[in-house]
Amino acid sequence: MTEWLKSAVFYEIYPQSFKDSNGDGIGDIQGIIEKLDYIKNLGCNAIWMNPCYDSPFMDAGYDVRDYKKVAARYGTNEDMKQLFEEVHVRKMHILLDLVPGHTSEEHQWFAESGKVEMNEYSDRYIWTDNWFKRAEGLAYIAGERERNGAYIINFFKCQPALNYGFLHPQEEWQKPIDHPACLATRKAMIDIMCYWLEMGCDGFRVDMADSLVKNDDEIKSGTCKVWSDMIHAIQEKYPEAAFVSEWNNPQSAIGMAGFQMDFFLDWVGNGYNLLMRDYDDTGRDDSFFKKDSTRSIQDFLREYIPKYEAVKGKGLYCLITGNHDMIRAAYHLDENELKLAFAFLLTMPGAPFIYYGDEIGMRYLNLPCKEGGYTRTGSRTPMQWDSSKNHGFSEADEVLLYLPTDDGENAPTVEAQQKRDDSLYHTVRRILDIRSKQDAFTRHDNLEIVFAEEDRRSFVYRRDDLVMLCNPSDHAETLEIDVSESDVIFMLGSLKKSGNNCTIEAQSFAIYRTA
Ligand code: NOJ
Numbered sequence: 002m003t004e005w006l007k008s009a010v011f012y013e014i015y016p017q018s019f020k021d022s023n024g025d026g027i028g029d030i031q032g033i034i035e036k037l038d039y040i041k042n043l044g045c046n047a048i049w050m051n052p053c054y055d056s057p058f059m060d061a062g063y064d065v066r067d068y069k070k071v072a073a074r075y076g077t078n079e080d081m082k083q084l085f086e087e088v089h090v091r092k093m094h095i096l097l098d099l100v101p102g103h104t105s106e107e108h109q110w111f112a113e114s115g116k117v118e119m120n121e122y123s124d125r126y127i128w129t130d131n132w133f134k135r136a137e138g139l140a141y142i143a144g145e146r147e148r149n150g151a152y153i154i155n156f157f158k159c160q161p162a163l164n165y166g167f168l169h170p171q172e173e174w175q176k177p178i179d180h181p182a183c184l185a186t187r188k189a190m191i192d193i194m195c196y197w198l199e200m201g202c203d204g205f206r207v208d209m210a211d212s213l214v215k216n217d218d219e220i221k222s223g224t225c226k227v228w229s230d231m232i233h234a235i236q237e238k239y240p241e242a243a244f245v246s247e248w249n250n251p252q253s254a255i256g257m258a259g260f261q262m263d264f265f266l267d268w269v270g271n272g273y274n275l276l277m278r279d280y281d282d283t284g285r286d287d288s289f290f291k292k293d294s295t296r297s298i299q300d301f302l303r304e305y306i307p308k309y310e311a312v313k314g315k316g317l318y319c320l321i322t323g324n325h326d327m328i329r330a331a332y333h334l335d336e337n338e339l340k341l342a343f344a345f346l347l348t349m350p351g352a353p354f355i356y357y358g359d360e361i362g363m364r365y366l367n368l369p370c371k372e373g374g375y376t377r378t379g380s381r382t383p384m385q386w387d388s389s390k391n392h393g394f395s396e397a398d399e400v401l402l403y404l405p406t407d408d409g410e411n412a413p414t415v416e417a418q419q420k421r422d423d424s425l426y427h428t429v430r431r432i433l434d435i436r437s438k439q440d441a442f443t444r445h446d447n448l449e450i451v452f453a454e455e456d457r458r459s460f461v462y463r464r465d466d467l468v469m470l471c472n473p474s475d476h477a478e479t480l481e482i483d484v485s486e487s488d489v490i491f492m493l494g495s496l497k498k499s500g501n502n503c504t505i506e507a508q509s510f511a512i513y514r515t516a
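Using the numbering used here, you'd call the opening residue of the sequence shown number 2 and step up by one each time.
What follows is the structure in structure tokens.
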């Protein structure tokens, strides 16, 4: 595995909302550069930045109009180059967000593809051979271009799908994955990746990585083949390049497609979701990290362990505090609950990903849709740095801000959290500091479950010489676990040792080093 990933801790930046350096109300690359030391001091040594390319922003930049051009609102390609350099000076790494499955409908390739005359780009997208022809099982659009056909879309209407072919083509217009037109799409994507890698980026978070080949089988063998070819081509030239997939199927993504990392995503009711987001509109909340929940960690482990085991030693199955597509963790968890949740996420195997602002407990705001965000919009508000104008995010007039800042009572800020020693921010920082000093956290094939019972709330796990004990509940639990000979290296709450037993007090988390 790429060496630097073993000790990587990622910080996700939504560039629109991180730091505005030129007073136009929207975050930009120079703003990110200004705040690199903040990210490093928190204890993160790697960054994933959401799309920053030229775009009409119908889906916040996941609708790319020009893959090789930085969107003017964020700066220039020169700024990007400078960002890469500044990141590397600090011995950090940075991943850009690659959107390989679709472009914006305003991309030049798509303009050419929609023309009646056949040209180099006619088959860059997937067109049926007649405007009236239905594309079974796939979303498609007709009535927009002069070409006689309907085209397949990948997500929103504005995102026509690029053509990587069909696993088992059944119609003339469906191409096999090794058709020259599909190989040309791959080549174009490799060219784009090389462009940014050459400039200094360290790899990519890959959007909808599983979506490339259409009518693929359950394990996505067609898409895996395409990725494995593309990743190999890249790694021949850039052996250190890192790839993390938006897939949530590490067996395919890591085991077959060649990614080094895959995310455990927040699918409704799945193991990850049950940790911090198992609530509904009626006020019910049974998330594992709610202190009054009834849930045991088994519900998470049932899904996590088989996937972890399947790829352990080969790649990293990564846990996230949140991302730009989901409701912020602080929506339902209070500060103590968040501390425990983060202590867990940051000490499990895999490279952890912290979504900007989660480290200070930024809240979810109920906001109207912006740039295709819909319910995601409320998790994309400007970073709250301090108590100055617009929480230190921007000098612009409030009306110009990309999204409003959280002006509610007790809105968390970096400044306030840094002043309070027992804040979430300092907790995250302390754990990351410990993480950076313990070899056990750089190996990722060493997870052992020590205690996880259906009818108990506590969870104890081990990684080499480190034992993590977590009791997220509102009552103490006594477990038959002997830590009498061990040294405590981190503690939230408290724990009492008595012979072969220990009592973990309510809402406590401890890390012990065994002899
Ligand atoms: C997943 C991205 O995370 C999301 O923000 C985007 O809207 C879709 N893919 C479409 O690209």
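Beta carbons: idealized from backbone N, C-alpha and C, even for Gly.
From the DSSP output, in three-state form, read off residue 14 for me.
-> Sequence index remark: in the sequence shown, residue 14 carries index 13 (1-based). If DSSP states are grouped into helix, strand and coil, residue 14 belongs with the strands.
Distance, Cα to Cα, residue 90 vs residue 80?
-> On the sequence shown, residue 90 is found 89 positions in, with the first residue counted as 1. On the sequence shown, residue 80 is found 79 positions in, with the first residue counted as 1. For residue 90 and residue 80, the distance between alpha carbons rounds to 15 Å.
Does the ligand NOJ have a heavy atom nearer than 7 Å to the CB of residue 190?
-> Mapped onto the sequence shown, residue 190 falls at position 189. With a threshold of 7 Å, the Cβ atom of residue 190 does not count as near the ligand NOJ, since no heavy atom of the ligand is closer than that.
What number of angstroms, rounded off, separates the C-alpha of residue 503 from the C-alpha of residue 313?
-> In the sequence shown, residue 503 corresponds to position 502, counting from 1. In the sequence shown, residue 313 corresponds to position 312, counting from 1. Their Cα atoms are separated by approximately 30 Å.
Please report how far the alpha carbon of residue 165 lies from the alpha carbon of residue 48, in whole angstroms.
-> One-based indexing of the sequence shown puts residue 165 at position 164. One-based indexing of the sequence shown puts residue 48 at position 47. So the two alpha carbons sit approximately 29 Å from each other.
How do the segment 270-289 and the segment 215-231 stand: do at least 3 beta-carbon pairs fall below 8 Å, yes or no?
-> Taking 8 Å as the limit for Cβ pairs, the verdict is that the segment 215-231 does not touch the segment 270-289.
Taking C-beta to C-beta, are residue 298 and residue 227 nearer than 8 Å?
-> Counted from its first residue, the sequence shown places residue 298 at position 297. Counted from its first residue, the sequence shown places residue 227 at position 226. Not a contact, by the Cβ cut-off of 8 Å.
Just how far apart, CA to CA, sit residue 378 and residue 199?
-> Translated into positions along the sequence shown, residue 378 becomes position 377. Translated into positions along the sequence shown, residue 199 becomes position 198. One C-alpha to the other measures close to 33 Å.
Taking C-alpha atoms, which residue in 210, 357, 103 lies nearest to residue 36?
-> Counting from 1 along the sequence shown, the entry for residue 36 is found at position 35. Comparing Cα positions, the closest option is 357.
Can at least three beta-carbon pairs, one atom from the segment 320-329 and one from the segment 264-278, be found at a separation below 8 Å?
-> The answer is yes - the segment 264-278 touches the segment 320-329, with three or more Cβ pairs under 8 Å.
CB contact flag (residue 93, residue 131, <8 Å) | Locating residue 93 in the sequence shown gives position 92, where the first residue counts as 1. Locating residue 131 in the sequence shown gives position 130, where the first residue counts as 1. Cβ distance not < 8 Å, so residue 93 and residue 131 don't count as in contact.
Secondary structure at residue 1, three-state DSSP: helix, strand or coil?
-> This structure gives no information on residue 1, because the portion of the chain shown stretches from 2 to 516.
Please classify residue 499: is it buried, with 16 or more other beta-carbons within 10 angstroms of its beta-carbon, or exposed?
-> Start at 1 with the first residue of the sequence shown, and residue 499 comes out as number 498. Exposed, by the Cβ-count rule.
Can you give me the start and stop residues for the beta strand (DSSP E) that residue 205 sits inside?
-> Counting from one through the sequence shown, the residue named residue 205 turns up at place 204. In this chain, the beta strand (DSSP E) harbouring residue 205 covers 204-207.
Between the segment 332-342 and the segment 290-306, do three or more beta carbon pairs fall short of 8 Å?
-> For the pair of segments examined, the segment 332-342 was found to touch the segment 290-306: the number of CB pairs separated by less than 8 Å reaches three.
Which residue or residues does DSSP assign as beta-bridge partners of residue 468?
-> As a first step, residue 468 must be located in the sequence shown, where it is residue number 467. DSSP output for residue 468 lists 463, 513 as bridge partner(s).
Should residue 100 be listed as close to the ligand NOJ, given that the test is whether its C-beta is under 7 Å from any heavy atom?
-> Sequence index remark: in the sequence shown, residue 100 carries index 99 (1-based). Under cutoff, so the answer is yes.
Inter-stretch contact (C-beta, 8 Å, three-pair minimum) for the segment 406-420 and the segment 383-394 = These segments touch.
In chain order, what residues of the same chain have a beta carbon less than 6 Å from the beta carbon of residue 74, not counting five sequence neighbours either side?
-> Reading the sequence shown from its first residue, position 73 is the one you call residue 74. The residues are 27.
Going by alpha carbons, who is nearest to residue 429 out of 3, 10, 4?
-> As a first step, residue 429 is located in the sequence shown; it is residue number 428 there, counting from the start. For residue 429, the closest alpha carbon among the candidates 3, 10, 4 is that of 10.
Would you say residue 305 and residue 361 are within 8 Å of each other, going by their C-beta atoms?
-> Within the sequence shown, the letter at position 304 stands for residue 305. Within the sequence shown, the letter at position 360 stands for residue 361. Taking 8 Å as the Cβ cut-off, residue 305 and residue 361 do not qualify as a contacting pair.
Every unbroken alpha helix (DSSP H) inside the segment 53-99 [4 residues or more] = Counting only runs of 4+ residues, the alpha helix (DSSP H) found wholly inside the segment 53-99 occupies 78-90, in chain order.
Hey, is residue 39 close to the ligand NOJ, as in C-beta under 7 Å from one of its heavy atoms?
-> For the purposes of this step, residue 39 is taken as residue 38 along the sequence shown, with counting starting at 1. No, the ligand NOJ has no heavy atom inside 7 Å of this Cβ.
Mind checking which residues open and close the beta strand (DSSP E) that includes residue 449?
-> As a working note, residue 449 is residue 448 in the sequence shown. For residue 449, the enclosing beta strand (DSSP E) stretches over residues 448-453.
Could you tell me how far apart the beta carbons of residue 138 and residue 216 are, in whole angstroms, since I believe they sit closer than 8 Å?
-> Looking up residue 138 in the sequence shown gives position 137. Looking up residue 216 in the sequence shown gives position 215. Distance from residue 138 to residue 216 at the Cβ level is roughly 7 Å; contact confirmed, criterion being Cβ atoms closer than 8 Å.
Three-way DSSP call (helix, strand, coil) for residue 258 in this model = For the purposes of this step, residue 258 is taken as residue 257 along the sequence shown, with counting starting at 1. DSSP, reduced to helix, strand and coil, places residue 258 outside both helices and strands of the structure shown, so it counts as coil.
Is it buried or exposed for residue 461, if we count other Cβ within 10 angstroms and need 16 for buried?
-> Translated into the one-based positions of the sequence shown, residue 461 becomes position 460. Residue 461 is buried by the Cβ-count criterion.
Check whether the segment 166-186 touches the segment 204-215, taking contact to mean three or more Cβ pairs, one atom from each stretch, closer than 8 Å.
-> With contact defined as three or more Cβ pairs closer than 8 Å, the segment 166-186 and the segment 204-215 are in contact.
Please report how far the alpha carbon of residue 447 lies from the alpha carbon of residue 463, in whole angstroms.
-> Taking the first residue of the sequence shown as position 1, residue 447 is located at position 446. Taking the first residue of the sequence shown as position 1, residue 463 is located at position 462. One alpha carbon belongs to residue 447, the other to residue 463, and they sit about 8 Å apart.
What are the start and end residues of the alpha helix (DSSP H) that includes residue 193?
-> On the sequence shown, position 192 is the one that residue 193 refers to. Residue 193 -> alpha helix (DSSP H) spans 181-200.
Tell me residue 504's beta-bridge partners as DSSP assigns them.
-> For this step, residue 504 is matched to residue 503 along the sequence shown. Answer is 479, 497, bridged to residue 504.
Throw me the rounded Cβ distance for the residue 437 and residue 505 pair, which I believe falls under 8 Å.
-> In the sequence shown, counting from the first residue as 1, residue 437 sits at position 436. In the sequence shown, counting from the first residue as 1, residue 505 sits at position 504. Their Cβ separation, rounded to whole angstroms, is 25 Å, which puts residue 437 and residue 505 out of contact at 8 Å.
Ignoring anything shorter than 3 residues or poking outside the segment 155-179, list the beta strand (DSSP E) runs there in chain order.
-> Under the rule that a run must span 3 or more residues, no beta strand (DSSP E) segment is found entirely inside the segment 155-179.
Would you check if the distance between the CB atom of residue 398 and the CB atom of residue 327 is smaller than 8 Å?
-> Numbered from its first residue, the sequence shown carries residue 398 at position 397. Numbered from its first residue, the sequence shown carries residue 327 at position 326. Judged by their CB atoms, residue 398 and residue 327 are not nearer to each other than the 8 Å cut-off.
Using a Cβ-Cβ distance under 8 Å, would residue 333 count as near chain B?
-> The structure shown contains no chain B; it is built from a single protein chain.
Work out the CA separation of residue 190 and residue 329 for me, nearest whole Å.
-> In the sequence shown, the residue the question calls residue 329 occupies position 328. In the sequence shown, the residue the question calls residue 190 occupies position 189. Taken atom to atom, the span from the alpha-carbon of residue 329 to that of residue 190 is near 32 Å.
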